[in-house]
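What follows is a single structure, written as structure tokens, with notes after it.
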Amino acid sequence: FLMERKAHVKINRKEVMLARLRKSCSCTPQKLKNFVMDFFPVLQWLPKYRCKEYIWGDIMSGLVIGIILVPQAIAYSLLAGLKPIYSLYTSFFANIIYFLMGTSRHVSVGIFSLISLMVGQVVDRELLLAGFDLNDDAPPASGDGSLQNDSFSNTTAFNLTTVGINAECGKECYAIGIATALTFVAGVYQVLMGIFRLGFVSMYLSESVLDGFATGASLTILTAQVKYLFGIKIPRSQGHGMLVITWINIFRNISQANLCDVITSAICIVVLVTAKELGDRYKHKLKFPLPTELVVIAVATLVSHYGKLNEVYGSSVSGAIPTGFIPPKVPEFNLMLRVAVDALPLAIVSFVFTVSLSEMFAKKYAYTIRANQEMFAVGFCNIIPSFFHSFATSAALAKTLVKTSTGCQTQVSGVISAMVVLLVLLFLAPLFYSLQKCVLACIIIVSLRGALRKFRDVPARYHVNKIDTLVWVVTMSASALVSTEIGLLVGIVFSMLCIIVRTQRPRTALLGQIQDTNFYEDDLEYKNLSTVPKVKIFRFEAPLYYANRNYFLKSLYRLTNLDPNLEAARRKKYEKKEKQHLKKGNHRTVNGLGIGETTLQLVPKQIDFQALVVDCSSISFLDTTGVNTLKEILKDYKNLNISVLLACCNPSVIDSLKRGGYFGRDFECMQEMLFYSIHNAVLFAKDQK
Numbered sequence: 001f002l003m004e005r006k007a008h009v010k011i012n013r014k015e016v017m018l019a020r021l022r023k024s025c026s027c028t029p030q031k032l033k034n035f036v037m038d039f040f041p042v043l044q045w046l047p048k049y050r051c052k053e054y055i056w057g058d059i060m061s062g063l064v065i066g067i068i069l070v071p072q073a074i075a076y077s078l079l080a081g082l083k084p085i086y087s088l089y090t091s092f093f094a095n096i097i098y099f100l101m102g103t104s105r106h107v108s109v110g111i112f113s114l115i116s117l118m119v120g121q122v123v124d125r126e127l128l129l130a131g132f133d134l135n136d137d138a139p140p141a142s143g144d145g146s147l148q149n150d151s152f153s154n155t156t157a158f159n160l161t162t163v164g165i166n167a168e169c170g171k172e173c174y175a176i177g178i179a180t181a182l183t184f185v186a187g188v189y190q191v192l193m194g195i196f197r198l199g200f201v202s203m204y205l206s207e208s209v210l211d212g213f214a215t216g217a218s219l220t221i222l223t224a225q226v227k228y229l230f231g232i233k234i235p236r237s238q239g240h241g242m243l244v245i246t247w248i249n250i251f252r253n254i255s256q257a258n259l260c261d262v263i264t265s266a267i268c269i270v271v272l273v274t275a276k277e278l279g280d281r282y283k284h285k286l287k288f289p290l291p292t293e294l295v296v297i298a299v300a301t302l303v304s305h306y307g308k309l310n311e312v313y314g315s316s317v318s319g320a321i322p323t324g325f326i327p328p329k330v331p332e333f334n335l336m337l338r339v340a341v342d343a344l345p346l347a348i349v350s351f352v353f354t355v356s357l358s359e360m361f362a363k364k365y366a367y368t369i370r371a372n373q374e375m376f377a378v379g380f381c382n383i384i385p386s387f388f389h390s391f392a393t394s395a396a397l398a399k400t401l402v403k404t405s406t407g408c409q410t411q412v413s414g415v416i417s418a419m420v421v422l423l424v425l426l427f428l429a430p431l432f433y434s435l436q437k438c439v440l441a442c443i444i445i446v447s448l449r450g451a452l453r454k455f456r457d458v459p460a461r462y463h464v465n466k467i468d469t470l471v472w473v474v475t476m477s478a479s480a481l482v483s484t485e486i487g488l489l490v491g492i493v494f495s496m497l498c499i500i501v502r503t504q505r506p507r508t509a510l511l512g513q514i515q516d517t518n519f520y521e522d523d524l525e526y527k528n529l530s531t532v533p534k535v536k537i538f539r540f541e542a543p544l545y546y547a548n549r550n551y552f553l554k555s556l557y558r559l560t561n562l563d564p565n566l567e568a569a570r571r572k573k574y575e576k577k578e579k580q581h582l583k584k585g586n587h588r589t590v591n592g593l594g595i596g597e598t599t600l601q602l603v604p605k606q607i608d609f610q611a612l613v614v615d616c617s618s619i620s621f622l623d624t625t626g627v628n629t630l631k632e633i634l635k636d637y638k639n640l641n642i643s644v645l646l647a648c649c650n651p652s653v654i655d656s657l658k659r660g661g662y663f664g665r666d667f668e669c670m671q672e673m674l675f676y677s678i679h680n681a682v683l684f685a686k687d688q689k
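FYI, the numbering for the sequence shown is 1 to 689, going by UniProt numbering.
Given below as structure tokens:
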């Protein structure tokens with residue numbers, strides 16, 4: 001029987017689009033109010049803020065995150081190849097803007113190691129092209145904390161008229177110029193993605209790709225910090241293969257290691273790892289995490305200052321960190337053109353991490369976020385701070401977990417964190433002058449524990465899904481051994497290729513009947529299945545399209561043990577020989593049989609079925625090649641007096657077959673060719689003579 005399809009009203013897409021356009025272009029006071037309320041979600045939730053219920057949790061989590069942000073911001077400036085003051089600016093402005101525009105109550109947006117690494121790689125490349133020395137281990141300027149002295153404290157000034165800066169500009173000036181231009185373009189990309197609703201791009205970054213990318217980047221971060229652990233003076237490696245080149249340079253110069261830095265690094269790593277492990281073990285008993293990084297930085301700074309480790313032992317220190325704010329500056333347009341391509345992966349990674357974390361915690365705490373608004377929020381967290389000498393930001397998992405564990409209720413906690421950073425910016429920054437760079441490197445390396453532990457999960461991941469494990473390994477290897485941007489691209493392309501290959505060579509099977517039921521399953525996977533006499537049931541577990549057409553036919557011919565084209569050719573050849581013998585007057589056939597026995601010879605013994613049932617339940621769609629392939633096997637098997645029956649087709653497949661003329665001009669044979677279950681098709685085949 002055939003079920004009657006519903007009649008769908010044809011939609012005039014042109015009229016619908018025009019109506020939407022008129023609606024979106026119209027401007028009324030109410031619509032303007034709704035737009036502003038949607039664009040700044042803080043206007044919706046802040047008036048409903050339950051002060052007595054939320055305020056203490058927000059204050060506590062904000063203070064804790066602020067205390068964590070300060071040492072991390074200073075440390076991650078090493079990754080970005082910039083001065084610590086710019087990392088503090090980034091942390092301050094990102095928290096304020098996300099408070100106004102973000103829809104997640106819990107994520108912590110600010111400086112992130114992976115984003116800092118991607119910024120640092122672009123900065124290093126452009127510095128090298130501009131003729132600067134990448135060696136950042138020059139003696140620090142003994143400044144007085146003033147902004148003007150620090151802005152031009154690097155080596156020789158460089159006239160950069162060729163790249164659009166028509167003034168004498170030092171290394172630091174040019175580096176932050178590149179970083180702000182990169183950040184601005186990345187933010188513009190994110191806003192444009194929000195306007196055009198291109199958030200679906202994040203779907204192509206699978207969990208395996210993101211994990212592999214983060215792990216590979218973590219290896220790169222670890223490698224970049226090793227020279228600070230040993231106090232080795234080697235230039236920052238740039239370009240593809242940075243990880244290998246850096247390790248070669250480290251081993252070549254290991255004899256130049258600074259004993260003071262080595263001892264300091266060993267002590268700091270032991271203290272940090274021990275504190276982290278104890279914190280993880282007893283986190284259910286602790287009301288808030290231990291501020292280990294801040295304690296380590298405070299103690300190390302005091303020891304370095306009073307022990308004069310820089311003057312006596314040559315230990316590399318952070319140098320002068322100015323207080324206050326540098327006047328805002330518009331990012332250079334010519335520099336934007338140089339980094340436009342680099343900003344695209346930065347924008348995508350920043351957005352994906354932020355949205356995925358937002359959705360994770362929104363689901364955990366039973367509220368909803370708007371992914372498109374998150375795109376706008378992250379975009380403006382990059383665009384606006386780029387005018388204030390800040391670089392790219394993103395949500396960070398570790399700080400978000402700390403935020404939720406310390407009682408965070410809303411983004412008010414982000415404002416509290418920003419106030420802590422502001423306190424450091426205005427008053428406390430110069431106190432970190434004597435802080436050793438090896439201490440900052442230890443903080444960065446210990447923060448990578450979570451990403452590096454992914455290596456322990458490889459056996460379990462392999463057990464769950466081998467293809468996903470292969471995607472993880474390829475993405476991680478490319479990100480670490482080539483570059484982070486190339487690694488992300490390789491991961492996306494390779495994961496797509498894996499999907500294509502899996503649809504090109506999907507599982508195929510002949511089905512048998514489960515005894516005493518109307519159900520059918522793979523006879524190679526299940527025991528005690530009975531074959532259906534004179535009927536073959538073939539299952540193809542993928543869409544049928546141009547890329548897997550040949551595999552479909554080969555699998556069908558192999559499993560049914562019959563190639564209709566070869567069989568038809570054999571029969572024609574046999575008939576031709578028979579006619580030649582008859583013309584010669586020989587009434588005996590080639591095989592010595594009489595003419596009356598020839599018919600028996602034309603039907604080969606290996607054809608043990610009279611009907612082929614194709615289980616289409618796993619075929620989600622057909623393209624033109626797929627329809628033509630089914631028409632081809634219908635014709636070829638019909639020439640051998642074998643009927644082809646389709647079972648379990650979804651409506652889109654049926655529509656494709658109708659449009660392709662599979663059922664004839666007026667669909668007159670549709671009831672005898674299409675069935676809603678395999679069992680119905682088998683019963684019909686048994687009833688055929």
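Just so you know, even glycine gets a beta-carbon here, dropped at the ideal spot from N, CA and C.
Point to revise | DSSP-derived helix/strand/coil call for residue 520 | key: strand
Practice item. Report the option in 184, 403, 402, 272 whose CA atom is closest to the CA atom of residue 329. Key: 184
Practice item. Output the distance between the C-alpha atoms of residue 174 and residue 334, rounded to the nearest integer angstrom. Key: 12 Å
Review point. Residue 665 to residue 671, Cα distance in whole Å?
Key: 14 Å
Check your understanding: Run through DSSP, which three-state label would residue 688 get?
Key -> coil
**Study point:** Cβ-based neighbour list, residue 693, same chain, cut-off 7 Å, excluding 5 preceding and 5 following
**Key:** Coverage of the chain is limited to positions 1 through 689, which leaves residue 693 absent and any answer about it impossible.
**Study point:** Selection from 484, 314, 538 that minimises the alpha carbon distance to residue 241
**Key:** 484
Review point. Expressed to the nearest angstrom, what Euclidean distance is found between the alpha-carbon atoms of residue 59 and residue 400?
Key: 15 Å
Exercise for review: Kindly provide the ranges of any alpha helix (DSSP H) runs that are 4 or more residues long and lie completely inside the region 471-505, ordered along the chain.
Suggested key: 484-504
**Study point:** For residue 197, the first and last residue of its enclosing alpha helix (DSSP H)
**Key:** Residue 197 -> no alpha helix (DSSP H), and no H or E assigned at all.
Check your understanding: What is the DSSP secondary structure of residue 159, counted as helix, strand or coil?
Key -> Because residue 159 sits at a pLDDT of 46, beneath the cut-off of 50, its placement in the model cannot be relied upon, and the following sentence gives the value as read from the coordinates. Of the three classes helix, strand and coil, the one that applies to residue 159 here is strand, per DSSP.
Point to revise | Three-state secondary structure assigned by DSSP to residue 368 | key: coil
Point to revise | Cα-Cα separation between residue 186 and residue 71, rounded to whole angstroms | key: 26 Å
Point to revise | Per-residue DSSP class, three states only, for residue 28 | key: coil
Review point. With which residues is residue 534 paired in a DSSP beta bridge?
Key: 609
**Study point:** Where residue 312 falls, given that 16 or more other Cβ within 10 Å makes a residue buried
**Key:** exposed
Review point. How would you call residue 266, buried or exposed, if buried means at least 16 neighbouring beta carbons within 10 angstroms?
Key: exposed
Check your understanding: Would you call the region 280-294 and the region 450-462 touching, i.e. three or more CB-CB distances under 8 Å?
Key -> no
Practice item. Pull up the distance between the alpha-carbon of residue 676 and that of residue 650, whole angstroms please. Key: 9 Å
Review point. Is residue 619 helix, strand or coil when you go by DSSP?
Key: coil
Check your understanding: How long is the line joining the alpha carbons of residue 102 and residue 193, rounded to whole angstroms?
Key -> 16 Å
Point to revise | Beta-carbon proximity check, residue 436 vs residue 38, cutoff 8 Å | key: no
**Study point:** Selected residue, minimal CA-CA separation from residue 50, among 541, 521, 412, 557
**Key:** 412
Check your understanding: According to DSSP, is residue 151 helix, strand or coil?
Key -> Confidence at residue 151 is low in this model, with a pLDDT of 40, below 50, so its placement is unreliable and no value can be given for it.
Exercise for review: For residue 214, collect the residues of the same chain with a Cβ closer than 7 Å to its Cβ; drop the 5 residues on either side in sequence, then sort them by chain order.
Suggested key: 114, 451
Check your understanding: If you compare alpha carbons, which of 669, 171, 68, 620 is closest to residue 656?
Key -> 620
Exercise for review: Under 8 Å by Cβ, that's how I've got residue 409 and residue 54 pegged, so tell me the actual separation to the nearest angstrom.
Suggested key: 4 Å
Check your understanding: Among 206, 228, 537, which one has its Cα closest to the Cα of residue 522?
Key -> 537
**Study point:** Same chain only: Cβ atoms within 8 Å of residue 548, ignoring 5 sequence neighbours per side
**Key:** 503, 504, 505, 506, 542
Review point. Residue 377 bridges to which residues according to DSSP?
Key: According to DSSP, which records beta bridges pairwise, residue 377 is partnered with nothing at all.
Point to revise | Assumed close pair residue 376, residue 191 - CB separation to whole angstroms, cut-off 8 Å | key: 6 Å
Review point. Anyone know if the C-beta pair for residue 320 and residue 430 falls short of 8 Å?
Key: yes
Check your understanding: Within the 8 Å Cβ cut-off, does residue 403 reach chain B?
Key -> The chain inventory of the structure shown lacks chain B, comprising one protein chain alone.
Point to revise | Span of the alpha helix (DSSP H) around residue 513 | key: No alpha helix (DSSP H) contains residue 513, which is instead part of the beta strand (DSSP E) from 508-514.
Review point. Taking DSSP as the reference, what is the three-state secondary structure of residue 143?
Key: Note that residue 143 scores 41 on pLDDT, short of 50, meaning its location in the model is unreliable; the coordinates nonetheless yield the value given after this. Three-state DSSP puts residue 143 in coil, outside helix and strand.
Check your understanding: Expressed to the nearest angstrom, what Euclidean distance is found between the alpha-carbon atoms of residue 596 and residue 631?
Key -> Because residue 596 carries a pLDDT of 49, less than 50, the predicted location of this residue cannot be relied on, and the following value inherits that uncertainty. Taking the straight line joining both Cα atoms gives about 34 Å.
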